[in-house]
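A.B. asks: Numbering (my numbering), first residue to last: 859 to 1248. Once you've had a glance at the structure underneath, I'll fire off some questions.
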Ligand code: RFL
Ligand code: PHB
């Protein structure tokens, strides 16, 4: 088999890249190691920047999002139960965010791939990349027990943090930067109305909590918890009790409890690999970088990466210009590092660290107090939250 761009990984980065290339007339094949059911069941991010929404519009995969997504004009920052609103629309001169789950984005992109017959192979096992530093790269894998070879001009590594793409770059070329946080997020999904019409990020003495949602009838909540915590120690009622304490009385009054549809603990990590390209391989999304979820930047960075990459690839096929491809890594990394900074900062502002002593806690309180009282500080928070320009 032959294609122009071999895309490794059928998460949001790989699937969106395929549609961006498709509308520009560039052919690609997506190789995904998991089954369609598995990929469509993963519960992850929930907040889309308008840049991401715009890309989904650009590829015509925005119908259901336009009907079911919720536009949010702001979010709240809570300190020990006291809630302060950040008015995103006002502070940014009109920008908002869209609440629409990553699970739904993924389903919509898979449906579009099938309808448009853009090749998408699920359960592609043992994917290996070859000849990345030559003009004739190729990918091998096994499908239904049969060995396959896919020849291509370029490989897009969109296979997430645990994929094979990043590790195909020689160790002496790749430099990685990493920070692992000493806690995780325990998430719960339930078919109950959200406690508020907007998200609440809460810094509480007992640790961080977040009230989020997927729709007006489906809520997503998180609490900071030890990353090795036994989920069995957290029956639903204990989670609801803890949320009520950490989010404070006003949010608790609006909270409807219900049985969890999903419960899991996610680790928190900041990670960047540089450069994001080597030879004919280009990394995008979690394959190249991870942010802690505070600020909801992970999925949105995957989208901005593939926007830059699609532009570079379509430029190459339209007029043979290689400068877009050469400049891809630096261009993507410039935006990545700013989102890394914001996610790291927002995590530090709102979480309880093992070494959070009375002084550091007063510093957190003073900073939130400063944000609440300063228009300039709120503008800074808001412009980062809605997403920096591409
Ligand atoms: P993904 O979504 O991880 O997709 C990568 C895809 O590659 C496949 N794959 C392979 N395919 C072929 N061969 C191989 N060897 C392969 N190895 C892996 C995988 O099966 C998968 O389908 O990366 P992508 O597309 O870059 O998208 C990035 C986003 O998914 C990610 O940034 C966010 O979901 C991060 N994230 C969250 N972000 C938020 O903003 N808010 C959240 O609440 C939030 N929760 C999460 C998260 C990430 C999680 N991970 C990665 C474990 C919760 C979790 C559990
Ligand atoms: C979510 O709804 O899953 C969510 C929302 C905002 C975040 C992280 C996760 O910052």
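The beta-carbon is built from N, C-alpha and C at its ideal position, and this holds for glycine as well.
#1: What is the chain-ordered set of residues for which the beta carbon lies under 5 angstroms from any non-hydrogen atom of the ligand PHB?
#2: Between residue 1119 and the rest of its own chain, which residues show a CB-CB distance below 7 angstroms, the 5 nearest in sequence each way excluded?
#3: For residue 895, count neighbouring Cβ atoms within 10 angstroms of its own Cβ and tell me buried if that reaches 16, exposed if not.
#4: Rounded to whole angstroms, what is the Cα-Cα separation between residue 1054 and residue 1113?
#5: Tell me the rounded alpha-carbon separation between residue 1020 and residue 1182.
#6: Distance, Cα to Cα, residue 864 vs residue 1011?
#7: Pairing CB atoms from the stretch 1095-1108 with CB atoms from the stretch 1052-1067, are three or more of them under 8 angstroms?
#8: With a cut-off of 8 angstroms, do at least 3 Cβ pairs link the stretch 946-958 to the stretch 1231-1246?
#9: Return the chain-ordered list of same chain residues with a C-beta closer than 6 angstroms to the C-beta of residue 1127, the five sequence neighbours on each side being excluded.
#10: Can we count residue 1112 as close to the ligand RFL, meaning its CB is less than 6 angstroms from some heavy atom?
#11: Using alpha carbons as the reference points, say which of 1214, 936, 1166 lies closest to residue 1247.
#12: Where do the N-terminal and C-terminal ends of the beta strand (DSSP E) with residue 963 fall, by residue?
#13: Check whether the stretch 870-888 and the stretch 905-924 touch, using three or more Cβ-Cβ pairs below 8 angstroms as the test.
#14: How about residue 981 and residue 893: do their beta carbons lie closer than 7 angstroms?
#15: Taking 6 angstroms as the cut-off, is the CB of residue 1007 close to at least one heavy atom of the ligand RFL?
#16: Look at the Cβ atom of residue 853, then the Cβ atom of residue 1013, and state whether they are nearer than 7 angstroms.
#17: Using a Cβ-Cβ cutoff of less than 6 angstroms, which residues in the same chain neighbour residue 998 once the five nearest sequence positions on both sides are dropped?
#18: Take residue 1158 as the anchor and find which of 908, 901, 897, 880 has the nearest alpha-carbon.
#19: Straight-line CA distance for residue 1242 to residue 1000?
#20: Below 6 angstroms CB to CB, which residues in the same chain sit around residue 1193 once its five sequence neighbours on both sides are set aside?
#21: Roughly how far, in whole angstroms, is the beta-carbon of residue 1244 from the beta-carbon of residue 955, given that I think they are within contact range, below 8 angstroms?
#22: Between the Cα of residue 1203 and those of 878, 1222, 1188, spot the shortest distance and give me the residue it belongs to.
#23: Less than 6 angstroms between the CB of residue 1160 and some heavy atom of the ligand RFL, yes or no?
#24: Which residues in the same chain as residue 1068 place their Cβ atom closer than 6 angstroms to its Cβ, once the five residues preceding and following it in sequence are excluded?
#25: Short of 6 angstroms in beta carbon distance, which residues of its chain neighbour residue 1045, apart from the five on each side in sequence? Order them along the chain.
#26: Using DSSP with H/G/I as helix, E/B as strand and the rest coil, what is residue 1092?
#27: Is residue 869 a contact residue of the ligand RFL, with contact defined as CB to any heavy atom under 6 angstroms?
#28: If we ignore side chains and look at the alpha-carbon of each, how far apart do residue 1131 and residue 1146 end up?
#29: Mind pulling the beta strand (DSSP E) runs of 3 or more residues that sit fully within the stretch 1023-1080?
#30: Under three-state DSSP, which class holds residue 1100?
#31: Consider the C-beta atom of residue 1081 and the heavy atoms of the ligand RFL; say whether any pair is separated by less than 6 angstroms.
#32: Restricting to runs no shorter than 4 residues, where is the alpha helix (DSSP H) found entirely within the stretch 862-940?
#33: Excluding the five sequence neighbours on either side, which residues of its own chain have a C-beta within less than 8 angstroms of the C-beta of residue 1051, listed in chain order?
#34: Round the Cβ separation of residue 1042 and residue 1125 to the nearest angstrom and send it over; I've been treating them as touching at under 8 angstroms.
#35: Let me check you understand the geometry: is the CB of residue 866 closer than 6 angstroms to at least one non-hydrogen atom of the ligand RFL?
#36: Look up residue 1229 in the DSSP assignment and give the residues it is bridged to.
C.D. replies: In brief:
#1: 904, 905, 1070, 1078, 1151, 1154
#2: Stepping through the chain shown from its first residue, residue 1119 is reached at position 261. These residues qualify, in order along the chain: 1047, 1048, 1049.
#3: For this step, residue 895 is matched to residue 37 along the chain shown. Residue 895 should be labelled exposed.
#4: The residue you call residue 1054 lines up with position 196 of the chain shown. The residue you call residue 1113 lines up with position 255 of the chain shown. If you take the alpha carbons of residue 1054 and residue 1113, they lie about 8 angstroms apart.
#5: As a first step, residue 1020 must be located in the chain shown, where it is residue number 162. As a first step, residue 1182 must be located in the chain shown, where it is residue number 324. The straight-line gap from Cα to Cα measures roughly 27 angstroms.
#6: Indexing the chain shown from 1 puts residue 864 at position 6. Indexing the chain shown from 1 puts residue 1011 at position 153. Rounded to whole angstroms, residue 864 to residue 1011 spans 8 angstroms at the Cα level.
#7: yes
#8: Yes, since at least three Cβ pairs between the stretch 946-958 and the stretch 1231-1246 fall closer than 8 angstroms, the two stretches touch.
#9: As a working mapping, residue 1127 is identified with position 269 in the chain shown. 1038, 1148.
#10: In the chain shown, the residue the question calls residue 1112 occupies position 254. Incorrect: residue 1112 has no Cβ contact closer than 6 angstroms to the ligand RFL.
#11: Along the chain shown, one-based indexing puts residue 1247 at 389. Answer by Cα proximity: 1166.
#12: Position 105 of the chain shown, counting from 1, holds the residue named residue 963. Run containing residue 963: none in the beta strand (DSSP E); it sits in the alpha helix (DSSP H), 960-973.
#13: Contact between the stretch 870-888 and the stretch 905-924 is present: 3 or more CB-CB pairs across the two stretches fall below 8 angstroms.
#14: For this step, residue 981 is matched to residue 123 along the chain shown. For this step, residue 893 is matched to residue 35 along the chain shown. Their beta carbons are under 7 angstroms apart, which means residue 981 touches residue 893 by this criterion.
#15: Here residue 1007 is taken as the residue at index 149 of the chain shown, counted from 1. For the ligand RFL, not one heavy atom lies less than 6 angstroms from the Cβ of residue 1007.
#16: Outside the modelled stretch of the chain, which goes from 859 to 1248, sits residue 853, for which no answer is possible.
#17: Here residue 998 refers to the residue found at position 140 of the chain shown. Correct list, in chain order: 986, 1007.
#18: Against the chain shown, residue 1158 aligns to sequence position 300. Comparing Cα-Cα distances from residue 1158 to each of 908, 901, 897, 880, the minimum goes to 908.
#19: Mapped onto the chain shown, residue 1242 falls at position 384. Mapped onto the chain shown, residue 1000 falls at position 142. If I take the Cα positions, the gap works out to 42 angstroms.
#20: Working through the chain shown from its first residue, we reach residue 1193 at position 335. Excluding positions up to five away in sequence, the list reads 1162.
#21: Within the chain shown, the letter at position 386 stands for residue 1244. Within the chain shown, the letter at position 97 stands for residue 955. Right, their Cβ atoms sit about 6 angstroms apart.
#22: Here residue 1203 corresponds to residue number 345 of the chain shown, with the count starting at 1. Measuring from the Cα of residue 1203, the nearest candidate turns out to be 1222.
#23: For the purposes of this step, residue 1160 is taken as the residue at position 302 of the chain shown. Result yes, Cβ under 6 angstroms from the ligand RFL.
#24: Residue numbering aside, residue 1068 sits at position 210 when the chain shown is read from its first letter. Taken in chain order, the residues that qualify are 1059, 1080.
#25: Position 187 of the chain shown, counted from the first residue, corresponds to residue 1045. Take residue 1045, set aside five residues on each side of it, and the residues of its chain with a beta-carbon closer than 6 angstroms to its own are 1080, 1122, in chain order.
#26: In the chain shown, counting from the first residue as 1, residue 1092 sits at position 234. Coil at residue 1092, not helix or strand.
#27: Position 11 of the chain shown, counted from the first residue, corresponds to residue 869. Result yes, Cβ under 6 angstroms from the ligand RFL.
#28: One-based indexing of the chain shown puts residue 1131 at position 273. One-based indexing of the chain shown puts residue 1146 at position 288. Taking the straight line joining both Cα atoms gives about 5 angstroms.
#29: 1033-1048, 1058-1061, 1067-1071
#30: As a first step, residue 1100 is located in the chain shown; it is residue number 242 there, counting from the start. In the structure shown, the three-state DSSP call for residue 1100 is helix.
#31: Against the chain shown, residue 1081 aligns to sequence position 223. Result no, Cβ not under 6 angstroms from the ligand RFL.
#32: 870-881, 894-899, 908-916, 921-926
#33: Taking the first residue of the chain shown as position 1, residue 1051 is located at position 193. The answer, listed in chain order, is 1074, 1075, 1077, 1114.
#34: Locating residue 1042 in the chain shown gives position 184, where the first residue counts as 1. Locating residue 1125 in the chain shown gives position 267, where the first residue counts as 1. For residue 1042 against residue 1125, the beta-carbon gap comes to about 5 angstroms, under 8 angstroms, which counts as contact.
#35: Taking the chain shown and counting its residues from 1, the one referred to as residue 866 is at position 8. Yes.
#36: As a first step, residue 1229 is located in the chain shown; it is residue number 371 there, counting from the start. Answer is none; residue 1229 lacks a bridge partner.
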